[in-house]
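Data first, discussion second: the structure below is written as structure tokens.
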Amino acid sequence: MTAAPHLSELEMIDHLLGRDDLTVDDIADLPEDLRYELIDGRLVLSPLALPFHQYLSFRVASAVQEFCPESVLITVEQAVLLDRRNELRPDMVLVREEGALRSPVKPRDVPLVVEVISESSKRFDRTGKLKKYAYVGIVNYWIVDPLADRITFTQFALGADGAYRQLLETSDLVTVDEPWQVTLDLPAWTRRRDRIRAVARPDV
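Structure (structure tokens):
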């Protein structure tokens, strides 16, 4: 850890923010409940997710759970170590049992990552993370976008060239076969979102 040992947690975080030369060793002592990612040597703090964002993560996890094999765990916001300068926290991560007693987990133990897009992450989820997850060989990458007119699901799979191929993008009820059979009821999620928007109190 490069921060001096006498620093408080807030001072330690402030000491790290703004630097672009950090490694996973530099962030090893950060509080476990702090929402952060290490991206190209920079510490990036994330705001608390909205309840509906968390709800979507839960719905995806529930759908994946239905036919999930015993050898795989479903986790949320699990840290994934890409390399010394990159540690990401997807909204949902599948982890093979062989890698389930360490954190952050390694890409070889991750058959699928899922990102639920938020206002603060929408650009990087579709560009930077797409490249980074592909580079470390994570076979399946899903994006759920609740910001579109209708909630959309985009499925990527790793091709023989090491880059992701987009298999589909849809806002309909959909069943996919990788990493196993999963059915996602996107129209139901859109109806729930629109109902929430209609009744939600202003943020005052």
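Each residue of the sequence shown is one higher than the one before, counting from 138 in the working numbering.
For each residue, glycine too, the CB sits at the ideal point set by N, CA and C.
Taking the CB atoms as reference points, tell me whether residue i and residue j lie closer together than 8 angstroms.
| i | j | result |
| --- | --- | --- |
| I275 | W326 | no |
| Q215 | V242 | yes |
| E207 | L175 | no |
| I254 | V281 | yes |
| F290 | V319 | no |
| D228 | E252 | yes |
| Q292 | V273 | no |
| S183 | S257 | yes |
| I333 | F195 | no |
| G236 | A271 | no |
| V197 | L284 | no |
| V250 | V201 | no |
Which residue comes first and which comes last in the beta strand (DSSP E) that contains residue i?
| i | result |
| --- | --- |
| Q292 | 289 to 295 |
| T327 | No beta strand (DSSP E) contains T327, which is instead part of the alpha helix (DSSP H) from 323 to 336. |
| D282 | 277 to 282 |
| Q303 | 301 to 307 |
| V181 | 179 to 182 |
| I176 | 173 to 176 |
Under 8 angstroms Cβ to Cβ from residue i, same chain only, skipping five residues before and after it: list those, please.
| i | result |
| --- | --- |
| P248 | V209, L231, R233, I275, V276, N277, P316 |
| R302 | F293, A294, L295, G296 |
| L267 | Y278, F293, Y301 |
| L154 | L180, L182 |
| L323 | R287, I288, T289, F290, T307, S308, D309, L310, V311 |
DSSP beta-bridge partners for residue i?
| i | result |
| --- | --- |
| M229 | V213, V251 |
| T264 | T264 pairs with nothing; no bridge assigned. |
| T320 | T312 |
| E224 | L175, L218 |
| V161 | According to DSSP, which records beta bridges pairwise, V161 is partnered with nothing at all. |
| V242 | V217 |
In chain order, what residues of the same chain have a beta carbon less than 7 angstroms from the beta carbon of residue i, not counting five sequence neighbours either side?
| i | result |
| --- | --- |
| T139 | Because T139 carries a pLDDT of 45, less than 50, the predicted location of this residue cannot be relied on, and the following value inherits that uncertainty. Correct list, in chain order: D163. |
| R221 | T160, V161 |
| K259 | L284 |
Tell me which same chain residues have a C-beta within less than 6 angstroms of the C-beta of residue i, skipping the five on either side of it?
| i | result |
| --- | --- |
| H143 | Annotation note: pLDDT 46 at H143 (below 50); position unreliable, no value reported. |
| G178 | D157, D158, L159, R222 |
| R172 | S183 |
| A141 | A caution first: A141 carries a pLDDT of 46, below 50, which makes its placement in the model too unreliable to give a value. |
| I150 | none |
For the alpha helix (DSSP H) that residue i lies in, which residues bound it at each end?
| i | result |
| --- | --- |
| I150 | 146 to 153 |
| V197 | 188 to 202 |
If I'm right that residue i touches residue j with Cβ under 8 angstroms, what's the distance once you round it to whole angstroms?
| i | j | result |
| --- | --- | --- |
| E146 | P168 | 6 angstroms |
| K269 | L193 | At roughly 22 angstroms, the Cβ-Cβ gap does not stay under 8 angstroms, so K269 and L193 are not in contact. |
Compare the C-beta of residue i with all C-beta atoms of chain C and state if any pair is closer than 8 angstroms.
| i | result |
| --- | --- |
| L171 | Among the protein chains of the structure shown there is no chain C, as only one such chain exists. |
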